[in-house]
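2 protein chains.
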Amino acid sequence: MTLDRSSLIPALRNVATRLRIDSVKSTSEAGSGHPTTCCSAADVMAALFFAEMRFDPHEPHNPDADRFVLSKGHAAPILYAAWAEAGAFDRAELMNLRKIDSDLEGHPTPRLPFVDVATGSLGQGICAAIGSALNARRVKSDYRTYVLLGDGETAEGSVWEAADTAGYDKLDSLCGITDVNALGQSRPTMWQHDMDALANRWRAFGWHAIVIDGHDLAAILDALGEARRTKGRPTMILARTIKGKGVSFVEGKDGWHGKAFKKGEELDRALAELEKQFVPAPVGVNLPAQIPKPAARPRVVESAKPVAAPSYKRGDETATREAYGVALTKLGEADPRVVALDADVKNSTFSDKFEKLFPDRFYENFIAEQVMVGAAMGLAARGAIPFPSTFACFLSRAYDFIRMAAISNVGIKMAGSHAGVSIGEDGPSQMALEDLAMCRAEPNITVLYPCDGVSTEKLVALMAYHPGPAYMRTSRPKTPVIYDNNETFSIGGLKVLRESSSDAATIVGAGVTVFEALKAHDQLKASGVNVRVIDLYSVQPIDAAGLVAAGKASGGVIVTVEDHYAAGGIGDAVAEAVAPAGLTVKRLAVREIPRSGKPEELLDRFGISARHIVDAVRSVIPALK
Amino acid sequence: MTLDRSSLIPALRNVATRLRIDSVKSTSEAGSGHPTTCCSAADVMAALFFAEMRFDPHEPHNPDADRFVLSKGHAAPILYAAWAEAGAFDRAELMNLRKIDSDLEGHPTPRLPFVDVATGSLGQGICAAIGSALNARRVKSDYRTYVLLGDGETAEGSVWEAADTAGYDKLDSLCGITDVNALGQSRPTMWQHDMDALANRWRAFGWHAIVIDGHDLAAILDALGEARRTKGRPTMILARTIKGKGVSFVEGKDGWHGKAFKKGEELDRALAELEKQFVPAPVGVNLPAQIPKPAARPRVVESAKPVAAPSYKRGDETATREAYGVALTKLGEADPRVVALDADVKNSTFSDKFEKLFPDRFYENFIAEQVMVGAAMGLAARGAIPFPSTFACFLSRAYDFIRMAAISNVGIKMAGSHAGVSIGEDGPSQMALEDLAMCRAEPNITVLYPCDGVSTEKLVALMAYHPGPAYMRTSRPKTPVIYDNNETFSIGGLKVLRESSSDAATIVGAGVTVFEALKAHDQLKASGVNVRVIDLYSVQPIDAAGLVAAGKASGGVIVTVEDHYAAGGIGDAVAEAVAPAGLTVKRLAVREIPRSGKPEELLDRFGISARHIVDAVRSVIPALK
């Protein structure tokens, strides 16, 4: 792109006008959407797409293409307009915005090939952009990552987690642009057009900040160039803009957020104004055709070797959280795409084992779970296999990110340690008791919950290559290894650990409660009652047929026991699985806010120890009532 | 407190030493905990509790007492030691730290009368402190709120949401102290002892920042005084400290986070060192006895008048989100304790109706859901009845806060609008489809889901006065009013909307699906099949007896239908409720990631429209199969 500014700027001006017109028309056709939000960003979008970024509109996934993340996802119409202008698809498609059979949804999702992660929950795109920038470093590509935020969006704390992380990691391939249009949804933004207030924040967080007029194309181009030349730190361009720019009767007016122009007089008036903003087209300029493609370089095919097998002996004691750390190192050895992310608990989750071997593929996010999960989303979208891990309870900090990861269907592989009351003395703030409910609610998240070292190692390898997001729950206490190293596991499977031809009930446990179930089995057996014991290591998907078969073979009596609150966990999962067979489930779970104490005291106090299982079995077996 | 510094400082020095000794001893006795984290904060704690704050150790809830929030909750042992030193309870109790029958838990919870909100998930205490400071303004008290953070904690984005909010609200009654000990759990913190890097951040967010040596008692006292005199903005004191201060062999050493000293040689050595740090006691000084009490002033008894009744006509169309806004104004009229919090969507949730009438009781948090919920927790702990509301999907941003609100059992009254696919064109990022699972998982959160204007108004008033946290789910589309204005509702109730003596099935809906169930009822009736229809407006607690009775009266056939993902929602709730009666449930719910489209198209595409209900009923009624 060596166009003279005297040609480039009028050409960009016309692109910006077309993007405004497309945004206004498509939202009016849809009857909803955010045209004024698009209009404020139009000049920045024009400059980025048609004078700055290197990409191939027909190959958006090119591994060396610059990335663009629309963190202010409600400006989706202008994103679609820009890709249509670039030639990625027919402009006429824009008129299908928000229709049920169009992938041009109200907010962007990766159903569209040029969208890496879904946005529309503010403050997330910038976190994914960090993942994208980290990935460039990982694969030694010089692609740059651009992210467009709204000024209102920067009230989200996750933005400052991202700011800290990018500053600390010196991500100079990352360039943010804040579209400072000073108007939020319901009122002016916190700092409105106080550009210094905004710039000072970014500077304090270690970024290079540039304040510009966001409708001055020369200034935008200068700022993008300055950002490209800035080394050792990311750049934030703070673009002072007018919401609704180009349509005089809405420019800078409150009350126009998320409102399409009404077809008829209102729309006609807006379009008439915009049409007048075209300038004489410079001769011989065809910006879409002149988009620079990514430099061709040999494509590295990253492929996996077999993962080393577990090497435990039955009866060895190991915590599943520690086995997770071991598994991660073996996986990292086998596959260069595997990376790990931490929120300053790596010595508790044991992801520090991975860091020691693969420091270049380990990302420390300090105590900032949102950017950890968000960066993992960006890494996954760019071909890495990221394992973000922290205490399971603190993944709830990133639930909105997990929700968006599900919508994006990106392959983040989460691990949460310290599940349940079995952590003991640290007390309820450190106990995850809703993590299964949280992850199970998302229909495409795989939920795994191993009970010993062997199953942990096998399941970590399985989750790495199973498509889409996954969550593994690990436990704090040491538990005995119960499986042989060559035992096989599957996503959607279970293990029957004890069975007889005369089982009076089936006990379903997972994680630490497997061992309570085994104890209960032995106690019941001593009193002449045989029960089946199942290790439900795959909570979602779930082996409904296996559970129904076990239930039917044991008098229709099923008792679940879980170190989790009663709602949304294993009891509910099993109950839904067996309901079509007319079977019901007796659920043992934590049913009140717990407290500090010794692990074994807490299992007993909150109703999920072997004693309670025995009582429950006795209470529901008709012959023993 | 008019002690001469020459007496005060040696006395505080000895208090700090005692607090260190107590923290070290109690954690060693417990066998776990964070003594080095306590040691870095000891001098700040001594100065705050015994030379700065006004409070009555025997009446911690005094409405005019200064508040202290331990945002770095893992320093709990020194919090307990400080209150014991102040005389709130017998120092010997400290040795019961972390035991199952002691309320001196691993991290603080409001089981202790001097703890306002549970902490231990970092970055939350400062948000609650904002609520406390807002409450002081609300009740026109001059109490001050102090909050102690760790430096590692300030990586949490919620801290910067709090910083923005407190700066914007000019909360000069709020004083933060960051214990900058430079060591996190697993490694040095991001900025370690770069005090300027930290101070610049706070200054950029509009705070007065003071950098001090956190072991210099005179400097601490000076800084606290300066904070007290600073008007128009909050103050952050950045105290440079040494982790493990006072125990030479751990001072500033990595690898000692969360480790108690081993009883025996290690503990003895630590205690011997600490004992040597006592200085000659100044004559006539008894700091605990000299703690200034809050100024006595007439206690205002805030009491409620009756809430105005709804005034709809059956068949009127109103969205439950709008009825929520109306209800909030009526409640605000009746009770001065009612306050509302927003995250810049008040014109969508309709909390703007409340703002218009009661601007002084309305807190705008801009797009920052964590501080919105956290501030609500602080407000609730101080006697307000706070209603934080936003789009239901964005409450997931604050799930960790909601979890801690449950642990705290504080009366925050959340409302989430725009539930489910029925929002339509905005697409999945704006649809809450896991909010019921998220809130139901917490055993003490009341979960309500009204379907019309009357039930919304009645339930808002009920949730305000029901103890503990509560969540109301509201919908975007308008729905007809189906209840009379004098209809009564109850927490834990349901309504049977259609019934006959020959019902072949019970359909359980809530919110928008009530109307799909009613349509299905009519279609089935037209083909000669009678079904019962239930409006399950109280999802948690749930009317198990009512559901069982309906199920039994309708051939044991129950179909649930919900605008929510399948796991953790209404289907699971009903299934657990009826399981003891041997009944199972056929669940209709959203089972894949949805997309943009018209509301009615989406209800049908994702399996929860009347047509699907009819099909489901026909598929499960034995005679119709």
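These protein sequence lines are chains W and D, in that order.
Under our numbering, the first residue of the first sequence is numbered 549, with each subsequent residue one higher.
Under our numbering, the first residue of the second sequence is numbered 549, with each subsequent residue one higher.
Glycine included, every Cβ here is placed at the ideal spot set by N, Cα and C.
Checklist line | chain D within 9 Å of Val1002/W, Cβ atoms only | finding: Counted from its first residue, the first sequence places residue 1002/W at position 454. Judged by the 9 Å Cβ criterion, Val1002/W is not in contact with chain D.
Note to self: Helix, strand or coil, according to DSSP, for Met549/W in the structure here?
What the structure shows: Reading the first sequence from its first residue, position 1 is the one you call residue 549/W. Model confidence at Met549/W stands at a pLDDT of 48, short of 50, so the residue's coordinates are unreliable and nothing is read from them.
Next item on the list: Go ahead and label Arg609/D buried or exposed: buried means 16 or more other beta carbons lie within 10 angstroms of its beta carbon, across all protein chains shown.
Entry: For the purposes of this step, residue 609/D is taken as the residue at position 61 of the second sequence. It should be pointed out that residue 609/D corresponds to His in this sequence rather than to Arg. Exposed is the label assigned to His609/D, since fewer than 16 other Cβ atoms lie within 10 Å of its Cβ.
Notebook entry, point to check: So, is Asn957/W buried or exposed, given that buried needs 16 or more other C-beta atoms within 10 angstroms?
Noted result: By 1-based counting over the first sequence, the position of residue 957/W is 409. Answer is buried; the Cβ neighbour count reaches 16.
Check: What did DSSP end up calling Gln672/D once you bin it into helix, strand or coil?
Finding: Taking the first residue of the second sequence as position 1, residue 672/D is located at position 124. The answer is coil: DSSP assigns Gln672/D none of H, G, I, E or B.
Margin query: Counting only Cβ-Cβ distances shorter than 7 Å, please list the residues of the segment 982-1002 of chain D near chain W, keeping chain order.
Written below: Taking 7 Å as the upper bound on Cβ-Cβ separation, chain W lies near residues Glu982, Ala985, Met986, Arg988, Ala989, Glu990, Pro991, Asn992 of the segment 982-1002 of chain D.
Next item on the list: Have a look at Glu850/D, Glu704/D, Ala590/D and flag the residue whose alpha-carbon is nearest the alpha-carbon of Val764/D.
Entry: As a first step, residue 764/D must be located in the second sequence, where it is residue number 216. One detail in the question is off: residue 764/D reads as Asp in this sequence, not Val. Considering only Glu850/D, Glu704/D, Ala590/D, the residue with the shortest C-alpha distance to Asp764/D is Ala590/D.
Check: Do you know how far the Cα of Ala1125/W is from the Cα of Val1109/D?
Finding: Your numbering for residue 1109/D matches position 561 in the second sequence. Your numbering for residue 1125/W matches position 577 in the first sequence. Straight-line Cα distance between these residues: approximately 17 Å.
Next item on the list: Mark Phe598/W as exposed unless 16 or more other C-beta atoms lie within 10 angstroms of its C-beta, in which case mark it buried.
Entry: The residue you call residue 598/W lines up with position 50 of the first sequence. Looking at its Cβ environment, which holds 16 or more other Cβ atoms inside 10 Å, Phe598/W is buried.
Notebook entry, point to check: Assuming Ile950/W and Glu917/W make a contact with CB atoms under 8 Å, what is their CB distance in whole Å?
Noted result: For the purposes of this step, residue 950/W is identified with residue 402 of the first sequence, where counting begins at 1. For the purposes of this step, residue 917/W is identified with residue 369 of the first sequence, where counting begins at 1. Going by Cβ atoms, the distance from Ile950/W to Glu917/W rounds to 10 Å, so no, they are not a contact pair.
Notebook entry, point to check: Of all Cβ atoms in chain W, is any one closer than 9 Å to the Cβ of Ala1097/D?
Noted result: Position 549 of the second sequence holds residue 1097/D. No - not a single Cβ of chain W is within 9 Å of the one on Ala1097/D.
Note to self: The beta strand (DSSP E) that contains Phe910/W, what's its start and end?
What the structure shows: Sequence index remark: in the first sequence, residue 910/W carries index 362 (1-based). Taken as a continuous stretch (DSSP letters only), the beta strand (DSSP E) holding Phe910/W covers 910-912.
Notebook entry, point to check: Alpha carbon to alpha carbon, what distance is there between Glu814/D and Arg621/D?
Noted result: In the second sequence, the residue the question calls residue 621/D occupies position 73. In the second sequence, the residue the question calls residue 814/D occupies position 266. For the record, residue 621/D in the displayed sequence is Gly; it is not Arg. About 25 Å.
Check: Alpha carbon to alpha carbon, what distance is there between Gly715/W and Arg561/W?
Finding: What you label residue 561/W is simply residue 13 of the first sequence in a count that begins at 1. What you label residue 715/W is simply residue 167 of the first sequence in a count that begins at 1. Roughly 33 Å separates the two Cα atoms.
Check: When the Cα atoms are used, what is the spatial distance from Glu774/D to Gly773/W?
Finding: The sequence position of residue 774/D within the second sequence is 226, counting from 1. The sequence position of residue 773/W within the first sequence is 225, counting from 1. Rounded to whole angstroms, Glu774/D to Gly773/W spans 45 Å at the Cα level.
Notebook entry, point to check: If we ignore side chains and look at the alpha-carbon of each, how far apart do Asp497/D and Ser680/D end up?
Noted result: Only positions 549 to 1173 of chain D appear in this structure, which leaves residue 497/D out of reach.
Notebook entry, point to check: Going by Cα to Cα distance, which pick from Glu600/W, Ala1052/W, Asp802/W is closest to Ile839/W?
Noted result: Stepping through the first sequence from its first residue, residue 839/W is reached at position 291. With distances taken between Cα atoms, Ile839/W lies closest to Glu600/W.
Next item on the list: Determine, using beta carbons only, whether Glu1035/W comes closer than 9 Å to chain A.
Entry: The chain inventory of the structure shown lacks chain A, comprising the protein chains W and D.
Notebook entry, point to check: Does DSSP put His756/D in a helix, a strand or coil?
Noted result: Numbered from 1 along the second sequence, position 208 holds the residue referred to as residue 756/D. His756/D falls in the strand class under three-state DSSP.
Notebook entry, point to check: Taking a cut of 9 Å between CB atoms, which residues from the segment 621-655 of chain W lie near chain D?
Noted result: Gly621, His622, Ala624, Leu645, Arg646, Lys647, Ile648, Asp649, Ser650, Asp651, Leu652, Glu653, Gly654, His655
Checklist line | chain W contact residues for Met925/D, given Cβ-Cβ distances below 8 Å | finding: As a working mapping, residue 925/D is identified with position 377 in the second sequence. Within 8 Å Cβ-Cβ: nothing; Met925/D doesn't reach chain W, min ~13 Å.
Margin query: Between Ile1082/W and chain D, is the shortest Cβ-Cβ distance under 9 Å, so that the two count as touching?
Written below: One-based indexing of the first sequence puts residue 1082/W at position 534. No, its Cβ sits nowhere closer than 9 Å to a Cβ of chain D.
Next item on the list: Go ahead and label Lys853/W buried or exposed: buried means 16 or more other beta carbons lie within 10 angstroms of its beta carbon, across all protein chains shown.
Entry: Your numbering for residue 853/W matches position 305 in the first sequence. Flag for Lys853/W reads exposed.
Margin query: Helix, strand or coil, according to DSSP, for Glu799/W in the structure here?
Written below: For the purposes of this step, residue 799/W is taken as residue 251 along the first sequence, with counting starting at 1. Of the three classes helix, strand and coil, the one that applies to Glu799/W here is coil, per DSSP.
Next item on the list: Check Leu746/W in the structure and name its three-state DSSP category.
Entry: Taking the first sequence and counting its residues from 1, one reaches residue 746/W at position 198. Note: Leu746/W maps to helix in three-state DSSP.
Checklist line | Whole-Å CB distance - Leu642/D paired with Ser574/D, under 8 Å assumed | finding: Locating residue 642/D in the second sequence gives position 94, counting from the first residue. Locating residue 574/D in the second sequence gives position 26, counting from the first residue. Confirmed, Cβ separation roughly 5 Å.
Notebook entry, point to check: Is the beta carbon of Gly581/W sitting closer than 9 Å to the one on Gly792/W?
Noted result: For the purposes of this step, residue 581/W is taken as residue 33 along the first sequence, with counting starting at 1. For the purposes of this step, residue 792/W is taken as residue 244 along the first sequence, with counting starting at 1. Cβ distance not < 9 Å, so Gly581/W and Gly792/W don't count as in contact.
Next item on the list: Report yes if the C-beta distance between Val995/W and Val1138/W is below 9 Å; otherwise report no.
Entry: Taking the first sequence and counting its residues from 1, one reaches residue 995/W at position 447. Taking the first sequence and counting its residues from 1, one reaches residue 1138/W at position 590. Here Val995/W is not near Val1138/W, since their CB atoms are 9 Å or more apart.
Next item on the list: Give the DSSP-derived three-state secondary structure of Lys1134/W in the structure shown.
Entry: As a position in the first sequence, residue 1134/W is number 586, starting the count at 1. Shown here, Lys1134/W sits in a strand according to DSSP, grouped into three states.
Check: Mind checking if Gly1116/W is an interface residue toward chain D, Cβ cutoff 9 Å exclusive?
Finding: Your numbering for residue 1116/W matches position 568 in the first sequence. So, interface residue.
Note to self: Using the three-state DSSP reduction, which class does Thr1108/D fall into: helix, strand or coil?
What the structure shows: For the purposes of this step, residue 1108/D is identified with residue 560 of the second sequence, where counting begins at 1. It is a strand residue.
Next item on the list: Spell out a yes or no on whether the segment 727-736 of chain D and the segment 774-791 of chain D are touching, meaning 3 or more CB-CB pairs, one atom from each, closer than 8 Å.
Entry: Proximity of the segment 727-736 of chain D to the segment 774-791 of chain D meets the contact definition, three or more beta-carbon pairs being nearer than 8 Å.
Margin query: For the structure I just gave you, are there three or more beta carbon pairs, one from the segment 1154-1163 of chain W and one from the segment 1115-1132 of chain W, closer than 8 Å?
Written below: no
Notebook entry, point to check: Run through DSSP, which three-state label would Leu696/D get?
Noted result: Stepping through the second sequence from its first residue, residue 696/D is reached at position 148. Strand, per DSSP.
Check: Enumerated in chain order, which unbroken segments of the beta strand (DSSP E) with a length of 3 residues or greater are wholly contained in the segment 1035-1122 of chain W?
Finding: Listed in chain order, they are 1043-1046, 1051-1057, 1078-1083, 1086-1088, 1106-1113.
Check: How would you list, in chain order, the residues of chain D whose beta-carbon sits under 9 Å from the beta-carbon of Tyr1019/W?
Finding: Translated into positions along the first sequence, residue 1019/W becomes position 471. Within chain D, no residue comes near Tyr1019/W; the closest Cβ sits about 13 Å away, beyond 9 Å.
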